[in-house]
Every structure is written in structure tokens, then in C-alpha cells.
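Read the structure below first, then the notes.
Protein chains: 2
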Amino acid sequence: MTVNLKSCFTQYRTRVDGALDHWLPGDDIHPTHLHEAMRYATFNGGKRVRPLLTYLTGEALNIAPEQLDGPACAIELIHSYSLVHDDLPAMDDDDLRRGKPTCHKAYDEATAILVGDGLQALAFYILAHDDNMVDDTNARLRMCALLAQSSGSRGMVGGQAIDLAAVGKSLSLAELQDMHIHKTGALIRTSVMLAAYSKPDLDNGLIEKLDHYAKCIGLNFQIKDDILDIEADTETLGKPQGSDVDANKPTYPAIVGMEDAKRMMMDLHQEALDSLTPFGDKAERLRQLAEYIISREY
Amino acid sequence: MTVNLKSCFTQYRTRVDGALDHWLPGDDIHPTHLHEAMRYATFNGGKRVRPLLTYLTGEALNIAPEQLDGPACAIELIHSYSLVHDDLPAMDDDDLRRGKPTCHKAYDEATAILVGDGLQALAFYILAHDDNMVDDTNARLRMCALLAQSSGSRGMVGGQAIDLAAVGKSLSLAELQDMHIHKTGALIRTSVMLAAYSKPDLDNGLIEKLDHYAKCIGLNFQIKDDILDIEADTETLGKPQGSDVDANKPTYPAIVGMEDAKRMMMDLHQEALDSLTPFGDKAERLRQLAEYIISREY
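Line order of the protein sequences matches chains A and B. Note that this note's numbering numbers the first sequence so that position 130 is 130, with each residue one more than the last. Note that this note's numbering numbers the second sequence so that position 28 is 326, with each residue one more than the last.
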């Protein structure tokens, strides 16, 4: 990661963490146990890639970051809730996340289910209620609808269902792509689109460019994850190396081979960069983020 | 139930079921297994009391029912998702709901968790996206925010957390009320408020009257449930008679005695009726619904 991007990353992470702290009920608010657990699940050392995408898209479009705090929080809360539910024993059954006990291990299963449910509701509360967001109420309703659709059964939740059904099966490349487009891609595209919708007069052609950029880096995020699972060591990764292979999960390297997986990644990276051409210098950090996604070591 | 209310009940139940069928993705839509399970969980023979409240409040305020189909669906989807999650083994661990296998029994736990997550997202999608709703986009954002708040950690989800923490403990009357105000009361009040918000120029005094009506019948719904659990027979109830007592759950009759529980119920009923005075004849069916809630046999 360039020094430049790293400090920008840190700055926006601090920013969204402050906004999350503002919106999450304090752990002294009734019911305290639940609110404490919601905070535990949200402040878990996450990389905040989705909020970063929202803010960096805002840079490309000259949107004040205050207008994007609400969308950035909403998208991260949806992501956090999905991790809590995905980690449950009935789902991926993970005990650790980023080296710390998962929510149902630190608390209990019932609390973890409720934590996820409460975080999801809070995401929509913020989008519908935050006065600092774009003034256009139509745009804000569109943002609520988009987040609901991309996180629901035809988006992220559907992707998790497809993923669970795929464990132990051999998937085609098209089926693998379909899973990731739902499971992680939809929310990553929404991270960019929530910023785009904050500029209600934005040209449709430019919206499509941004959406294509987001689609490419979303897929690359997953390809890189699959590659890291094989190539990185356990300590760097924060989870056992090769754990996806052990769990017999379908991955890009398993389906197309390591070499072709890396080639696909580089092709998508070029497509992502090409999509940013109309935005000129203002999209420089979106370019750096695309670069970071394929070069990160964990 | 009067013949009049019964036919109105049936008419609105048919109406909201049609709207739910419209909004729920078909079970031929990818991922089909998840969408089939979402439909199973929603079309489960529920009484649709919350949508009925929305439509009947609409009658009292001269709002066309088409404007309320979206809110009625949204509120029922939130209710349906909460039942699916509450029934999970880590929560209430129920195998049957209204005489049919619960969602995690008919499918599996992972699917049931995702069904609940997807139904919640769909509720917000409808409120943010339905073109037949009130035209005032500010009012619609307020509706999204209200549903998010009343279904979240400071409302329904918080109530379930309070409920789980209360099992096996002896509660005071105030603690029992607090639990029900969160767990069921918040959503019942929202059922009424979503109709009230569909009339953006409605006087604040009248909004408060409707809210108080909803608060009273919400509590009565729970008191009557507790009474039925002791007095009704298993066949009528659709669940084992005395099951709450067996589970050592706090109930109104257990805390204040059967006689005082019934007296509280009648007092709240009178308060509910008094709150409807300003609405005259147009609130007749809301009165009948209040009457139904305390006189029903299951």
C-alpha cells in the first residue's frame, strides 16, 4: 500500500468509526447486554473497505464527506451483521474472526442472532434518518431501496444461501462468479452507488462507469482472498492458511488454476482502471484502492 | 368476533396476502430454495393483526387502502422474520408454529437465519420503493426510520433480548411491561403509525391519540395471550396449553394474579376506546378490533 493511501485509509477508518460510535446505542442503553454485543461485533478490527469505497467515490465526485458518513455507516453495519450471522454454528461455524472470538463465542448464539438483526435495522434507520446526508429525499429513498435490495435475498443474503449450498460441490466458473456477485459483489457496488446517489444530478453514463469499476474490484477482492488463502501464512491471514481448501469450498484457483486466477485478476484490474478514465485525477485514490485490493498480503 | 369484523378481517387478510405475494420473490427466482423458504415462513396461517391495524387506522383517517399495502406488507414481513428467528434452537427452540413445522424444521437452521435476514431487508425495500404509497417522500423516510427503530435493538429485537434474559427469573410488573412494550408493543404501535404518517398533515394531537390506542391494545394482546395460555385448551391454541408456565416464562397472571390481570385488561380496553373518541364512527372497526383482542379464544 502506498504511504499516501495508507494515511487516507487510516483517516477514513477513524472517520467512519467515529460515526459508528455516534449511531450505535451506548452499552449503557437498555438492553445493555445487547448493545454491548452490537458494539463488540462492529468494532472488531475490520478494514472498513466498504466505507472507504464510499468516501473515495465521494472524492471523485466532489461530495463532502459529512454527506457520506451515514451511507458509510449503513453499509458497514450491514457487512458487520452478515459476518456475525455467517459465523454462527449453523452457518460457517467459525470461532475466531480477525484473531478474536466471534460474537456467538464472546456472547452466545441467541445474542449473536439478535445482534445481527439489530445491526441490520440500524443501517436502515441511519439511511432514513441522518440529516447530514444529501437533501434530496427521493435520492435517499433510492439509497434505502438499493441497500435493501443488494443486502437481501437477491443480493448478499442470497449469496450466502448459494455459498452454503455449494460447499462440497464442484462449481463451474460461472457458478462461482454468480455466488460472489451476490455474496460480496452486490454490497461493494452499493458502497460506490450510495456515493453516486448522493449526487442526484449525476450523468447515467458516469454512474455506469462507477458501477463497472465496483463490479471489477468486488470480484478481484474475492479472487485475491482465494489466492491468499493458499499462498499467505496463517499468522498474516488471521485464520488458518488453507482453511477454505480444507472446508472444500470452491475457489478461483481450484476451478481455473492459480495462473489463470491471477490473469483474470489482472484483466479485471485493467477494466477497473479503464472505467475511471472520465473522472481524471479526482479518481486517483479509487485507482490506488483497486491496486491495494490485488496486492494486499492479508 | 362480530360477523362484520370477521368479513372485514378476511377481506384485508386476502388483500395483504396478495400484496405479500406480489413483493416476495417467486420460488422460481434464484436462489429458489431461499425464496421458497421465505414464502413458507410468510404464508404460515398468520392472523395478520398488524396489517389489519394499518388498514383500519386508514379507515379512521380516510386513506385509500392502496396507499397502505406497502406499509402493511413491511410490518408483516418484520413480524414474520422475528417469528422465524425467535423459533430457532438457540432462541425459543420451537418445532411447531400454528400446527406446522417451524422454518428451521421444514428447512434447516442456516436457511431459517437467512430467511429472517432476507425478510427484514425486503420490508425496508418495500417501504422505500413502493410507488403506490403516499407521495410525500419526507413522510416515507420517516416511515422507514420508524420501522427501523421500532423493530431494532431499542424495539422488537431488544424485547426479544430482554425476554431471553428473563426466562427463569422472577420479574416485577414494571419489568414485564417493559419487555412487552419492546417485544410486541413497538411494532403494534408502528402498524398504526405507518397509516398515520401516510396522512402527512395529520394533527399531532390525533397522532398521539392513535398511538395511545395502539399502546393499550398492544399490552392487551399480550395479557390476553398469557390468560389464554392458562385457560384455553391445547387444540384451540395450536400450542401446548400452559407451555409458557412450563417454560417458567413470566406472565401477567403469574405476577399479579388472574383476577388483577383481567382487571388491567379491562382498564386498558377502556383507555383504548377513549382514545378513539375524536375519530367518531370512522373508528368503529378499530373499536371492534380492540374488543376482538380481549375476547378471542386463541
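Every residue gets a Cβ at the ideal spot worked out from N, C-alpha and C, and that includes glycine. Quick caveat, the model's predicted, so the values are computed rather than measured.
Own chain, CB closer than 8 Å to residue i, minus 5 neighbours either side, in chain order
i: residue 177 of chain A; result: 219
i: residue 454 of chain B; result: 376, 380, 448, 480, 481, 482, 484 and 485
i: residue 180 of chain A; result: 159, 218, 219 and 222
i: residue 374 of chain B; result: 314, 318, 340, 344, 346, 348 and 349
i: residue 132 of chain A; result: 66, 67, 69 and 70
i: residue 124 of chain A; result: 74, 144, 147 and 148
i: residue 256 of chain A; result: 173 and 264
Minimum Cβ-Cβ distance from residue i to chain A less than 7 Å
i: residue 422 of chain B; result: yes
i: residue 470 of chain B; result: no
i: residue 371 of chain B; result: no
i: residue 438 of chain B; result: yes
i: residue 383 of chain B; result: yes
i: residue 443 of chain B; result: yes
i: residue 466 of chain B; result: no
i: residue 340 of chain B; result: no
Short CB-CB distance (under 7 Å) between residue i and chain B
i: residue 132 of chain A; result: no
i: residue 120 of chain A; result: yes
i: residue 95 of chain A; result: no
i: residue 129 of chain A; result: yes
i: residue 184 of chain A; result: no
i: residue 137 of chain A; result: yes
DSSP three-state assignment for residue i, whether helix, strand or coil
i: residue 48 of chain A; result: coil
i: residue 89 of chain A; result: coil
i: residue 202 of chain A; result: coil
i: residue 96 of chain A; result: strand
i: residue 101 of chain A; result: strand
i: residue 363 of chain B; result: helix
i: residue 583 of chain B; result: helix
i: residue 43 of chain A; result: coil
i: residue 26 of chain A; result: coil
i: residue 511 of chain B; result: helix
i: residue 167 of chain A; result: coil
i: residue 275 of chain A; result: helix
i: residue 60 of chain A; result: helix
i: residue 550 of chain B; result: helix
i: residue 54 of chain A; result: helix
i: residue 329 of chain B; result: coil
i: residue 530 of chain B; result: coil
i: residue 489 of chain B; result: helix
i: residue 131 of chain A; result: coil
i: residue 406 of chain B; result: coil
i: residue 136 of chain A; result: coil
i: residue 596 of chain B; result: coil
Beta-carbon neighbours of residue i, restricted to chain A and to distances below 8 Å
i: residue 378 of chain B; result: Here the premise fails: no neighbours, minimum Cβ distance about 13 Å.
i: residue 323 of chain B; result: 153 and 154
i: residue 401 of chain B; result: By Cβ distance, chain A contributes nothing, its closest Cβ being about 12 Å from residue 401 of chain B, past 8 Å.
i: residue 549 of chain B; result: Those do not exist, as residue 549 of chain B stays about 20 Å from chain A at its closest Cβ, beyond 8 Å.
Contacting residues, own chain, Cβ-Cβ under 6 Å from residue i (five flanking each side not counted)
i: residue 401 of chain B; result: 339, 382, 410 and 413
i: residue 200 of chain A; result: 136 and 139
Residues that residue i contacts on chain B, provided the C-beta gap is smaller than 7 Å
i: residue 68 of chain A; result: Here the premise fails: no neighbours, minimum Cβ distance about 17 Å.
i: residue 162 of chain A; result: 329
i: residue 149 of chain A; result: 423
i: residue 38 of chain A; result: 451
Under 9 Å from the C-beta of residue i: neighbouring residues of chain A
i: residue 389 of chain B; result: 109, 110, 113 and 114
i: residue 386 of chain B; result: 90, 109, 110 and 113
Cβ separation of residue i and residue j, assumed to be a contact under 8 Å, to the nearest whole Å
i: residue 122 of chain A; j: residue 147 of chain A; result: Going by Cβ atoms, the distance from residue 122 of chain A to residue 147 of chain A rounds to 12 Å, so no, they are not a contact pair.
i: residue 272 of chain A; j: residue 290 of chain A; result: 5 Å
i: residue 317 of chain B; j: residue 367 of chain B; result: 4 Å
i: residue 229 of chain A; j: residue 252 of chain A; result: That belief does not hold up - the Cβ atoms of residue 229 of chain A and residue 252 of chain A are roughly 10 Å apart, past 8 Å.
i: residue 507 of chain B; j: residue 451 of chain B; result: Between residue 451 of chain B and residue 507 of chain B the Cβ distance is about 28 Å, and since that is not below 8 Å, they are no contact.
i: residue 202 of chain A; j: residue 143 of chain A; result: Incorrect: roughly 13 Å between the Cβ atoms, too far for contact.
i: residue 32 of chain A; j: residue 196 of chain A; result: Rounded, the Cβ-Cβ distance is 38 Å, inconsistent with contact.
i: residue 44 of chain A; j: residue 97 of chain A; result: 6 Å
Listed by chain order, chain B residues near residue i by CB distance under 8 Å
i: residue 165 of chain A; result: 329 and 331
i: residue 193 of chain A; result: By Cβ distance, chain B contributes nothing, its closest Cβ being about 14 Å from residue 193 of chain A, past 8 Å.
Closer than 9 Å at the beta carbon, the chain B residues around residue i
i: residue 117 of chain A; result: 379, 380, 383, 414, 415, 418, 449, 450, 451, 454, 455 and 458
i: residue 190 of chain A; result: The contacting residues do not exist; residue 190 of chain A stays about 12 Å from chain B at best.
Close beta carbons around residue i, own chain, < 7 Å, minus the five adjacent residues each side
i: residue 59 of chain A; result: 282 and 285
i: residue 371 of chain B; result: 314, 317, 318, 321 and 424
i: residue 306 of chain B; result: 583
i: residue 563 of chain B; result: 518, 521, 522 and 592
i: residue 416 of chain B; result: 332 and 336
Residue i CB to nearest heavy atom of the ligand ADP below 6 Å
i: residue 107 of chain A; result: Summarising the ligand content, the structure contains no ligands, and the ligand ADP is consequently not present.
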